[in-house]
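Read through the structure below, which is laid out as structure tokens, and then see the notes.
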Amino acid sequence: MGALEELCNSHPRVLEEVAKLQLPKGYQIRNDPWIYGTDDPNEKRPLVQFFMYVLAGDGHSESNHYSLPLKFSPVFEAYTNKFVRIDYLPGGFDEKTTPTQPWQKVPCVEYHPDLNNETIPRDVKPLLISQPEGPSFKVEGSKVTWQGWEFRVSSSAREGFAVYDVNFKGRQVFYRISLSEMTVPYGDPRAPYHRKQAFDLGDVGFGVTGNHLNLGCDCLGVIKYMDGYAVHPNGEPSVIPNTICMHEQDDGLLYKHLNYRTNNAVVARKREFVVQTIATVANYEYIINLKFVTDGSIDIETRATGILSTMPIDEDVTVPWGTIVGPNVMAAYHQHILSFRIDPAIDGHKNSVVYDDVVKLPKDDKLNPFGIGFVTERKFVEKAGHIDQSPFTNRQYKIINENKINPISKNPVGYKIMMPARQMILADPDSFNVRRAKYATEQVWVTKYRDHELYAAGEFTNQSQNDTGLGVWANGIDPVRNEDLVVWATMGFTHIPRVEDFPVMPVETHNIHLVPFNFFDKNPALDIPQANNNFNKSILAKVDTKSEPSACCKTNL
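Here my numbering is used: the first residue of the sequence shown is 44, the next is one more, and so on.
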């Protein structure tokens, strides 16, 4: 990235454009290399575009250049480093552009504490996480053991990390879980922004852009780190230290019941084991957490933060596809559409996928005379393909093993995929945005397992013109019932920026839950020690109070 930035900033044609800005003394230029995207089926050159910004006058390296976007975008040919052209960027409602003019100074909206002089830090007391007896987990190479869970963790330049050979209490549940792809299409229809679509794994890589995580910042508590690995363009391998962190955390109550007759409470706290990585893809940060819970569930969590990708906008202009977030700064509406590849092994590799709809039971004089009944209707996925969303029937997706029957419920053992209905990609079906990312059109896909089918949009996404992933594999032909299959869960969130997202965005969190469904013969977390203050060591706050409450979780047994 550094070499590309230097190539752009030092090229004579770019310097000629910069000279027209007549920047004040001390002001500099910065650029963000961006994937070129696709809008021409005849364009075969590997191209890269650059979005240009001003670095504020004091030259501080942490100054927020995204607050000062410029109206020209150089395009180069990758590998040969040939200059191709300069695209001029619109600043109004339509695609009209103007030649580069002297830059008009505007305030820079800063986020770094050294530059944000308007904000007085809050008085926040330390909140410490202590495990005086050490952690409850054990790591041997890639193998992790914790509270009934046993699995392995691997790193990769593209996915960041994957977990595999996942077992709970001695039973197979999943063979492999990983983030497969994320596309980020933007909704600004003006050229050249119509090309603005990134594939953050296929074009860049979550492992390559993984952060070096630090104690006390990214993960709290007793931490175990794993390194990531990447390969330089010259073929030399490199180590990215501490790109994966693992730790335990408390997440409130796991279950509780108070017997109101005896006033005795049974309380267990929810503890999670977290595997986390953080990728910085230019302006955005993505936090990917896999959380293993003591009740046999897995929470796949994505948190988006970082800085909005900004565009210049003329003063007193508003547009319907973006939000003005600073002086002459617009953040376009966009989507983040992730695909998680879930390779199940629910008590074995022969699994099926079903979806259950909750529907009214017709009123019937004998069966439902009061008209209050409701039931579930089940359908099997027989062939490789997708499942439509149906939020108004509370559609639930389940992976089951028809060959293993739960002795209590008399139903096949399984896991439920819990995720809310989400808006999928908004681009026209004939657009390159959709043709390159068919996976982004549906929330749940099912395919037959094949080696090397790992990436939802295909192996090669940079300037691709058609989907070579799920758009091909989910062919409606391959049988997937009682087969070795793969489920692809699409997590989509449409981001309508707000002023509060700038200059740095508070995290936005989205989850997919994998929950045992008729897999056990009872609650598998009954063996969790009951919560009490001798164990948890809570203390009373020093506030005015007439009487001190007794310790919680008292059982009187």
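Ideal Cβ placement from N, Cα and C applies to all residues, glycine included.
Here the structure is a predicted model, which means the values were calculated and not measured.
Would you say F545 and V368 are within 8 Å of each other, going by their C-beta atoms? By one-based count along the sequence shown, residue 545 stands at place 502. By one-based count along the sequence shown, residue 368 stands at place 325. In contact: F545 and V368 (Cβ atoms closer than 8 Å).
Anyone know if the C-beta pair for V317 and K299 falls short of 8 Å? In the sequence shown, residue 317 corresponds to position 274, counting from 1. In the sequence shown, residue 299 corresponds to position 256, counting from 1. No, they are not a contact pair.
Which partner residues of Y229 appear in the DSSP bridge assignment? By one-based count along the sequence shown, residue 229 stands at place 186. BP columns for Y229 point to H377.
For the segment 403-417 against the segment 238-257, do three or more pairs of beta-carbon atoms, one drawn from each stretch, fall closer than 8 Å, so that the two count as touching? no
State the Cα-Cα distance for the pair K186 and F194, rounded to the nearest angstrom. Looking up residue 186 in the sequence shown gives position 143. Looking up residue 194 in the sequence shown gives position 151. One C-alpha to the other measures close to 6 Å.
For N437, which residues in the same chain have their Cβ closer than 6 Å to its Cβ, ignoring the five residues on either side in sequence? Sequence index remark: in the sequence shown, residue 437 carries index 394 (1-based). Counting only Cβ-Cβ distances below 6 Å, and skipping sequence neighbours, we find V401.
What is the DSSP secondary structure of P559, reduced to helix, strand or coil? Translated into positions along the sequence shown, residue 559 becomes position 516. P559: strand per DSSP, three-state reduction.
Beta-carbon within less than 7 Å of H429's beta-carbon, same chain only, minus the 5 sequence neighbours each way: which residues are those? To locate residue 429, count along the sequence shown from 1; it is residue 386. Here the set comprises E485, V487, W488 and A517.
Inter-residue spacing [alpha-carbon to alpha-carbon] between H54 and R478: By one-based count along the sequence shown, residue 54 stands at place 11. By one-based count along the sequence shown, residue 478 stands at place 435. Near 35 Å, if we compare the C-alpha coordinates of R478 and H54.
Test item: CB-CB of T286 and L256 under 8 Å: Mapped onto the sequence shown, residue 286 falls at position 243. Mapped onto the sequence shown, residue 256 falls at position 213. Yes. Within cutoff.
Tell me the start and end of each unbroken beta strand (DSSP E) in the segment 173-232 that is at least 3 residues and wholly inside, in chain order. Complete beta strand (DSSP E) runs here, min 3: 181-183, 186-189, 192-199, 203-211 and 214-228.
Using a threshold of 8 Å, state whether the C-beta atoms of I283 and Y268 are closer than that. In the sequence shown, residue 283 corresponds to position 240, counting from 1. In the sequence shown, residue 268 corresponds to position 225, counting from 1. Not in contact: I283 and Y268 (Cβ atoms no closer than 8 Å).
8 Å Cβ shell around G535 - same chain, five flanking residues per side excluded: By 1-based counting over the sequence shown, the position of residue 535 is 492. For G535, the CB contacts under 8 Å within the same chain, skipping 5 residues up- and downstream, are Q378, H379, I380, L381, R465, Q466, M467, I468, A483 and Q486 in chain order.
By the three-class DSSP mapping on this structure, what secondary structure does L528 have? Walking along the sequence shown from the start, residue 528 turns up at place 485. Here L528 carries a strand assignment [DSSP, helix/strand/coil].
Going by DSSP in three states, W77 sits in which element: helix, strand or coil? For this step, residue 77 is matched to residue 34 along the sequence shown. Reduced to three states, the DSSP call for W77 is strand.
Thinking C-alpha only, which one of S199, R165 and V360 is nearest D137? For the purposes of this step, residue 137 is taken as the residue at position 94 of the sequence shown. Cα-wise, what sits closest to D137 is V360.
What three-state label does DSSP hand N8 in the structure shown? Residue 8 lies beyond the residue range present for the chain, which begins at 44 and ends at 600; the question has no answer from this structure.
Since A273 is in the beta strand (DSSP E), which residue starts that stretch and which ends it? On the sequence shown, position 230 is the one that residue 273 refers to. If you look at A273, you'll find it in the beta strand (DSSP E) that goes K267 to V274.
Distance between beta carbons of V251 and A205, contact taken as under 8 Å: Within the sequence shown, the letter at position 162 stands for residue 205. Within the sequence shown, the letter at position 208 stands for residue 251. At roughly 15 Å, the Cβ-Cβ gap does not stay under 8 Å, so A205 and V251 are not in contact.
Cβ pair F94, P67 closer than 8 Å: What you label residue 94 is simply residue 51 of the sequence shown in a count that begins at 1. What you label residue 67 is simply residue 24 of the sequence shown in a count that begins at 1. It is not a contact, given that the beta carbons lie outside the stated cut-off.
Can you say whether I555 is buried or exposed, counting buried as having 16 or more other CB atoms within 10 angstroms of its CB? Sequence index remark: in the sequence shown, residue 555 carries index 512 (1-based). I555 should be labelled buried.
Limits of the unbroken alpha helix (DSSP H) element including P142: Position 99 of the sequence shown, counted from the first residue, corresponds to residue 142. Element bounds for P142: n/a, residue is neither H nor E.
Work out the CA separation of E526 and G519 for me, nearest whole Å. Walking along the sequence shown from the start, residue 519 turns up at place 476. Walking along the sequence shown from the start, residue 526 turns up at place 483. Roughly 15 Å between the two C-alpha positions.
Mapping DSSP to helix, strand and coil, what is L404? Position 361 of the sequence shown holds residue 404. L404: coil per DSSP, three-state reduction.
Rounded to a whole number of angstroms, what is the C-alpha to C-alpha distance between A568 and V336? As a position in the sequence shown, residue 568 is number 525, starting the count at 1. As a position in the sequence shown, residue 336 is number 293, starting the count at 1. One C-alpha to the other measures close to 9 Å.
By the three-class DSSP mapping on this structure, what secondary structure does S106 have? In the sequence shown, the residue the question calls residue 106 occupies position 63. It is coil, neither helix nor strand.
For G134 and L513, what's the separation of their Cα atoms in angstroms? Your numbering for residue 134 matches position 91 in the sequence shown. Your numbering for residue 513 matches position 470 in the sequence shown. Taking the straight line joining both Cα atoms gives about 38 Å.
Option nearest H553 by Cα separation, candidates L297, N332 and A574: Along the sequence shown, one-based indexing puts residue 553 at 510. When each option's Cα is compared against that of H553, the closest is N332.
Comparing C-alpha positions only, which one of Y329, E202 and L296 sits nearest to D261? Residue numbering aside, residue 261 sits at position 218 when the sequence shown is read from its first letter. Here the closest residue by C-alpha is Y329.
Would you call the CB atoms of Y79 and Q92 closer than 8 Å? Within the sequence shown, the letter at position 36 stands for residue 79. Within the sequence shown, the letter at position 49 stands for residue 92. It is a contact, given that the beta carbons lie within the stated cut-off.
Between T140 and the rest of its own chain, which residues show a CB-CB distance below 6 Å, the 5 nearest in sequence each way excluded? Position 97 of the sequence shown holds residue 140. Same-chain partners within the cutoff: Y131 and P133.
Backbone secondary structure at K481 - three-state DSSP: For the purposes of this step, residue 481 is taken as the residue at position 438 of the sequence shown. In the structure shown, K481 sits in a helix (DSSP, three-state: H, G or I).
With burial defined as no fewer than 16 other Cβ atoms inside 10 Å of the residue's Cβ, what is the status of P76: buried or exposed? On the sequence shown, position 33 is the one that residue 76 refers to. Classification for P76: buried.
For a test of the three-state rule: what should DSSP assign to H392, helix, strand or coil? Counted from its first residue, the sequence shown places residue 392 at position 349. Assigned with DSSP and collapsed to three states, H392 falls in coil, not helix or strand.
Does DSSP put E420 in a helix, a strand or coil? As a first step, residue 420 must be located in the sequence shown, where it is residue number 377. Strand at E420.
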